[in-house]
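Visitor: Sending over a structure as structure tokens; questions will come in a sec.
There are 2 protein chains.
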Amino acid sequence: MNYERLFAFTAFADPMNFTRAARQLHISQPALHVQVRKLAEEVGRPLYRRSGKSLVLTAEGKALAAFGREVQDRGRSVLEEVRGQSSTGPVTVASGEGAFLYLLGPAIRRFPKERWPLRLLTASGPETVEAIRESRAHLGVVGAAGAPQDLAATPLRTIGQKVLLPPGHRLARRRKLRPADLSADRLVVAPAGRPHRAMLDQLFRSAGCALQVAVEASGWELMIHFARLGVGIAVVNDFCPVPRGMVGVRLMGAPDVTYYLVERDGIAGPGVKAMRQLIVDTVRAG
Amino acid sequence: MNYERLFAFTAFADPMNFTRAARQLHISQPALHVQVRKLAEEVGRPLYRRSGKSLVLTAEGKALAAFGREVQDRGRSVLEEVRGQSSTGPVTVASGEGAFLYLLGPAIRRFPKERWPLRLLTASGPETVEAIRESRAHLGVVGAAGAPQDLAATPLRTIGQKVLLPPGHRLARRRKLRPADLSADRLVVAPAGRPHRAMLDQLFRSAGCALQVAVEASGWELMIHFARLGVGIAVVNDFCPVPRGMVGVRLMGAPDVTYYLVERDGIAGPGVKAMRQLIVDTVRAG
DNA sequence: CTACAGGTATAACCAACGACGATAGCCACT
DNA sequence: AGTGGCTATCGTCGTTGGTTATACCTGTAG
Chain L
-17 MNYERLFAFT AFADPMNFTR AARQLHISQP ALHVQVRKLA EEVGRPLYRR SGKSLVLTAE
43 GKALAAFGRE VQDRGRSVLE EVRGQSSTGP VTVASGEGAF LYLLGPAIRR FPKERWPLRL
103 LTASGPETVE AIRESRAHLG VVGAAGAPQD LAATPLRTIG QKVLLPPGHR LARRRKLRPA
163 DLSADRLVVA PAGRPHRAML DQLFRSAGCA LQVAVEASGW ELMIHFARLG VGIAVVNDFC
223 PVPRGMVGVR LMGAPDVTYY LVERDGIAGP GVKAMRQLIV DTVRAG
Chain Z
-17 MNYERLFAFT AFADPMNFTR AARQLHISQP ALHVQVRKLA EEVGRPLYRR SGKSLVLTAE
43 GKALAAFGRE VQDRGRSVLE EVRGQSSTGP VTVASGEGAF LYLLGPAIRR FPKERWPLRL
103 LTASGPETVE AIRESRAHLG VVGAAGAPQD LAATPLRTIG QKVLLPPGHR LARRRKLRPA
163 DLSADRLVVA PAGRPHRAML DQLFRSAGCA LQVAVEASGW ELMIHFARLG VGIAVVNDFC
223 PVPRGMVGVR LMGAPDVTYY LVERDGIAGP GVKAMRQLIV DTVRAG
């Protein structure tokens, strides 16, 4: 296998667009196209396929792109080590949902970004796992139903749910609440299909009471915002800070969701190791 | 970094000889030499150095050669996976001393060699560790003072020492022996410098008695052979079978030596995983 | 339906890299 | 001093990969 072609292909696989990838590589579009075609011939399988207007990678293409990224990443780090330079390769962290906002803040703040540039990749849970598996990110943080066999996953923190209420609300003085207590209220919830919404639906159904939707909002920030405006009361992860002028009450019966740090097993550079340690320490401490 | 040059260099790094390596690669010696020179220029460090007649790798050269081997190994396996062929890359096991003879026999016998060719690399303890670190072998088995930080080591079995005696010997009926019991006898031992010999020297010194050498032999097989010939009595690892017509008596006071399976952390192919499991199972069982 | 926009794929041409044979240099051994 | 085995460099030539020009596809807008 010709590795220059492999790297050309990985460069293409990121934007899935020959023209833009070629610009990135400072070569012409035909040159890049030929490289990829020859790689596919070498491998003996198509690496991508048309889907209407755009192109999508085949399974083989994904595997090769992942391998290429991995080799380049390791290669840069080996080269820096050999040259005696301190490692300087960027560290990429992917994360779903609110983890960036509420879990990873301290780690990101304290990470020495002048030594290793930090790249953040915001994605949903499955997308995060995919980014790790395809070597597009070094570390990922996902909640609950995340990590499969081939990725190393270390539990970070287990988190419950709480209800955000205005101070004058009839339930605001309670120490804890159950789903049945909320059946009279209209709630601010995530849109259908999102895992948090699915969890709530399931919770109310098994408690035998109806969930009344005030408004659907995507993202914790937005949900909290609507709750502050008095549109409805919100059920959010325990890691969300209770905004000024509201009260938070523990919601019982909701399944605790565990956040995991996922990573590819393999040889991590010093920057990745540092970030890994920082995330584990700060999240477990906080 | 140009990877074709890197692979040319790894091919050279194995025999440390341009002429032979070039023949192996089916290119001319000057062609290979230029590749390596250009790689060194690219990296900015010398990759090897003359030492009298022969050439030796610098630290940088070793690191690059290790990386190159690793990439080629993974690359082959990825390619086979992508092509849908079952993995067929050879599995290399390195081991020191008697482990091949007495510990790994069952694993080697039961390993499906028709699926994955098996390559065995006989080496001393430190050489085994070096072979793993330089990606020249996938798995290694070493006794005791083996595995440092950067390699994953799993304990396999802890083994004591025993004394091989002719049946008529005055100590042959004893259940166990101490170094002092042997001070009147002449022993078959490993040559000076070998770890087993160092261990015995240390043992007798701390017991305050002298060790009398009958003959020095390298290798368990040879030591046992001389013991059978009646040249002297031998102290050997517990895993050596007691030969027909002799008796083995446990030697107390000798430090138990633990055998470890060492490997590079990283992504192992299916063949390596199978061998790993086989070694762990058979050695722990036996 | 036609024209257009954005991107993919192929062709013809040219520069650069890499392989080769020849050969000089180095080192150990006889 | 001479020889064998190997490393290192040079000039030459073919293959590979890059470039521009251009045809082709697919969805969108007039």
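Protein chains in written order, with the numbering used here: chain L, -17 to 268; chain Z, -17 to 268.
Think of the CB as a built atom: it goes at the ideal place given N, C-alpha and C, for glycine as much as any other residue.
For clarity, every value in this text was computed on a predicted model and none was experimentally measured.
1. Output yes if chain Z places a C-beta closer than 8 Å to the C-beta of Ala216 of chain L; else output no.
2. Using a C-beta cutoff of 8 Å, does Arg27 of chain Z count as contacting chain L?
3. Is the Cβ of Glu116 of chain Z closer than 8 Å to any Cβ of chain L?
4. Using alpha carbons as the reference points, say which of Z:Ala13, Z:Ala47 and Z:Pro12 lies closest to Leu29 of chain Z.
5. Tell me whether the beta-carbon of Gly336 of chain L lies closer than 8 Å to the beta-carbon of Trp98 of chain L.
6. Taking the beta carbon of Ser117 of chain Z as the centre, do at least 16 other beta carbons fall within 10 Å, making it buried, or is it exposed?
7. Tell me which residues of the region 201 to 235 of chain Z have at least one Cβ-Cβ distance to chain L shorter than 8 Å, keeping chain order.
8. Which runs of the alpha helix (DSSP H) fall wholly inside the region 49 to 130 of chain Z and span at least 4 residues, in chain order?
9. Can you find a CB in chain Z that lies within less than 8 Å of the CB of Ile249 of chain L?
10. What three-state label does DSSP hand Leu164 of chain Z in the structure shown?
11. Just the chain L side, please: which residues come within less than 9 Å of Gly57 of chain Z by C-beta, in chain order?
12. Assign Pro137 of chain Z to one of three DSSP states: helix, strand, or coil.
13. Do we get a CB-CB distance below 8 Å when we pair Val298 of chain L with the residues of chain Z?
14. Rank Z:Pro149, Z:Ala135, Z:Asp167 and Z:Gln67 by C-alpha distance to the C-alpha of Cys191 of chain Z and give the top, closest one.
15. What does DSSP give as the partner residue(s) for Ser36 of chain Z in the beta ladder?
16. Restricting to Cα atoms, I'd like to know which of L:Asp55, L:Gly78, L:Ala76 and L:Arg115 is closest to Ser69 of chain L.
17. Within the same chain, show all residues whose beta-carbon is closer than 7 Å to that of Leu146 of chain L, passing over the 5 residues directly before and after it, in chain order.
18. What is the residue span of the beta strand (DSSP E) that Leu243 of chain Z lies within?
19. DSSP has Val195 of chain L in a bridge; who is on the other side?
20. Check the DSSP bridge columns for Val269 of chain Z and list the partner residues they point to.
21. In angstroms, rounded to a whole number, what distance separates the CA positions of Gly201 of chain L and Pro173 of chain L?
22. If we ignore side chains and look at the alpha-carbon of each, how far apart do Asp132 of chain Z and Leu193 of chain L end up?
23. Beta-carbon separation of Leu85 of chain Z and Leu243 of chain Z under 8 Å?
24. Checking 8 Å against the spacing of the C-beta atoms, do Leu103 of chain Z and Thr74 of chain Z come in under that value?
25. Give me the residue from Z:Thr264, Z:Arg266 and Z:Met257 with the minimum Cα distance to Leu100 of chain Z.
26. Is there a C-beta anywhere in chain L that falls below 8 Å from the one on Val64 of chain Z?
27. Determine the direct distance from the alpha carbon of Glu245 of chain Z to that of Ala76 of chain Z, and round the result to whole angstroms.
28. Measure the Cβ-Cβ separation of Ala189 of chain L and Pro161 of chain L and say whether it is below 8 Å.
29. What is the rounded straight-line gap between the Cα of Arg51 of chain L and the Cα of Gly26 of chain Z?
30. Thinking Leu159 of chain L and Met234 of chain L are a contact (beta carbons under 8 Å), I'd like their distance in whole angstroms, please.
31. Indicate whether at least one CB of chain L lies closer than 8 Å to the CB of Glu42 of chain Z.
32. Do Leu164 of chain Z and Val195 of chain Z have their CB atoms nearer than 8 Å?
33. Are the Cβ atoms of Val64 of chain L and Ala22 of chain Z separated by less than 8 Å?
34. Distance check for Pro149 of chain L and Arg139 of chain L, CA to CA, integer angstroms please.
35. I want to verify the contact list: residues of chain L whose CB lies under 7 Å from the CB of Ala45 of chain Z, in sequence order.
Guide: Concretely, from the data shown:
1. Along the first sequence, read from residue 1 onward, the residue named residue 216 of chain L stands at position 234. Chain Z, which has no Cβ nearer than 8 Å to the Cβ of Ala216 of chain L, makes this no.
2. Sequence index remark: in the second sequence, residue 27 of chain Z carries index 45 (1-based). In terms of beta-carbon proximity, Arg27 of chain Z lines the interface with chain L, with at least one pair separated by less than 8 Å.
3. On the second sequence, position 134 is the one that residue 116 of chain Z refers to. No, because no Cβ of chain L sits closer than 8 Å to the Cβ of Glu116 of chain Z.
4. Taking the second sequence and counting its residues from 1, the one referred to as residue 29 of chain Z is at position 47. Distance from the Cα of Leu29 of chain Z is smallest, within the candidate group Z:Ala13, Z:Ala47 and Z:Pro12, for Z:Ala47.
5. Here chain L has residues from -17 to 268 only, and residue 336 of chain L is not among them.
6. In the second sequence, residue 117 of chain Z corresponds to position 135, counting from 1. Here Ser117 of chain Z is buried: its Cβ has 16 or more other Cβ atoms, across all protein chains shown, within 10 Å.
7. Going along the region 201 to 235 of chain Z in chain order, one finds no residue with a Cβ nearer than 8 Å to chain L.
8. Inside the region 49 to 130 of chain Z, DSSP marks whole alpha helix (DSSP H) runs of 4 or more residues at positions 87 to 92 and 107 to 115, from first to last along the chain.
9. By 1-based counting over the first sequence, the position of residue 249 of chain L is 267. With 8 Å as the cut-off, Ile249 of chain L counts as an interface residue toward chain Z.
10. Locating residue 164 of chain Z in the second sequence gives position 182, where the first residue counts as 1. Reduced to three states, the DSSP call for Leu164 of chain Z is helix.
11. The residue given as residue 57 of chain Z occupies position 75 in the second sequence. One finds Met(-17), Tyr(-15), Leu(-12), Phe49 and Val53 in chain L with Cβ atoms closer than 9 Å to the Cβ of Gly57 of chain Z, taken in chain order.
12. Counting from one through the second sequence, the residue named residue 137 of chain Z turns up at place 155. Reduced to three states, the DSSP call for Pro137 of chain Z is strand.
13. There is no way to answer for residue 298 of chain L, as the model of chain L reaches only from -17 to 268.
14. The sequence position of residue 191 of chain Z within the second sequence is 209, counting from 1. It is Z:Asp167.
15. Within the second sequence, residue 36 of chain Z is the residue found at index 54, counting from 1. Answer is Z:Ser33, bridged to Ser36 of chain Z.
16. The residue given as residue 69 of chain L occupies position 87 in the first sequence. Out of L:Asp55, L:Gly78, L:Ala76 and L:Arg115, L:Asp55 has the C-alpha closest to the C-alpha of Ser69 of chain L.
17. As a working mapping, residue 146 of chain L is identified with position 164 in the first sequence. Result list for Leu146 of chain L: Ile206, Ala209, Ile215, Ala216, Val218, Val224, Met228 and Gly230, in chain order.
18. Position 261 of the second sequence, counted from the first residue, corresponds to residue 243 of chain Z. Element bounds for Leu243 of chain Z: Val239 to Arg246.
19. Numbered from its first residue, the first sequence carries residue 195 of chain L at position 213. The secondary-structure analysis by DSSP pairs Val195 of chain L across a beta bridge with L:Leu169.
20. Lying before the first or after the last residue shown, residue 269 of chain Z is absent from chain Z, which here runs from -17 to 268.
21. Walking along the first sequence from the start, residue 201 of chain L turns up at place 219. Walking along the first sequence from the start, residue 173 of chain L turns up at place 191. For Gly201 of chain L and Pro173 of chain L, the distance between alpha carbons rounds to 9 Å.
22. As a position in the second sequence, residue 132 of chain Z is number 150, starting the count at 1. As a position in the first sequence, residue 193 of chain L is number 211, starting the count at 1. Taking the straight line from one Cα to the other gives about 54 Å.
23. Here residue 85 of chain Z is taken as the residue at index 103 of the second sequence, counted from 1. Here residue 243 of chain Z is taken as the residue at index 261 of the second sequence, counted from 1. Taking 8 Å as the Cβ cut-off, Leu85 of chain Z and Leu243 of chain Z do not qualify as a contacting pair.
24. One-based indexing of the second sequence puts residue 103 of chain Z at position 121. One-based indexing of the second sequence puts residue 74 of chain Z at position 92. In contact: Leu103 of chain Z and Thr74 of chain Z (Cβ atoms closer than 8 Å).
25. In the second sequence, residue 100 of chain Z corresponds to position 118, counting from 1. The residue with the shortest Cα to Cα distance from Leu100 of chain Z is Z:Met257.
26. One-based indexing of the second sequence puts residue 64 of chain Z at position 82. Yes, because at least one Cβ of chain L sits closer than 8 Å to the Cβ of Val64 of chain Z.
27. Within the second sequence, numbered from 1, the residue matching residue 76 of chain Z stands at position 94. Within the second sequence, numbered from 1, the residue matching residue 245 of chain Z stands at position 263. Each residue's alpha carbon lies about 10 Å from the other.
28. Position 207 of the first sequence, counted from the start, is the residue given in the question as residue 189 of chain L. Position 179 of the first sequence, counted from the start, is the residue given in the question as residue 161 of chain L. Yes, Cβ-Cβ distance for Ala189 of chain L and Pro161 of chain L is below 8 Å.
29. Locating residue 51 of chain L in the first sequence gives position 69, where the first residue counts as 1. Locating residue 26 of chain Z in the second sequence gives position 44, where the first residue counts as 1. Cα to Cα, the separation comes out at about 24 Å.
30. For this step, residue 159 of chain L is matched to residue 177 along the first sequence. For this step, residue 234 of chain L is matched to residue 252 along the first sequence. By a beta-carbon distance limit of 8 Å, Leu159 of chain L contacts Met234 of chain L. Their separation comes to about 7 Å.
31. Here the question's residue 42 of chain Z lines up with position 60 in the second sequence. For Glu42 of chain Z, the answer is yes, since a Cβ of chain L falls inside 8 Å of its Cβ.
32. Translated into positions along the second sequence, residue 164 of chain Z becomes position 182. Translated into positions along the second sequence, residue 195 of chain Z becomes position 213. No; because the gap between Cβ atoms is not below 8 Å, this pair is not in contact.
33. Position 82 of the first sequence, counted from the first residue, corresponds to residue 64 of chain L. Position 40 of the second sequence, counted from the first residue, corresponds to residue 22 of chain Z. Result no, Cβ atoms of Val64 of chain L and Ala22 of chain Z do not sit closer than 8 Å.
34. Taking the first sequence and counting its residues from 1, one reaches residue 139 of chain L at position 157. Taking the first sequence and counting its residues from 1, one reaches residue 149 of chain L at position 167. Going by the C-alpha atoms only, they are around 29 Å apart.
35. Within the second sequence, residue 45 of chain Z is the residue found at index 63, counting from 1. Going along chain L in sequence order, the residues near Ala45 of chain Z (Cβ under 7 Å) are Val60, Glu63 and Val64.
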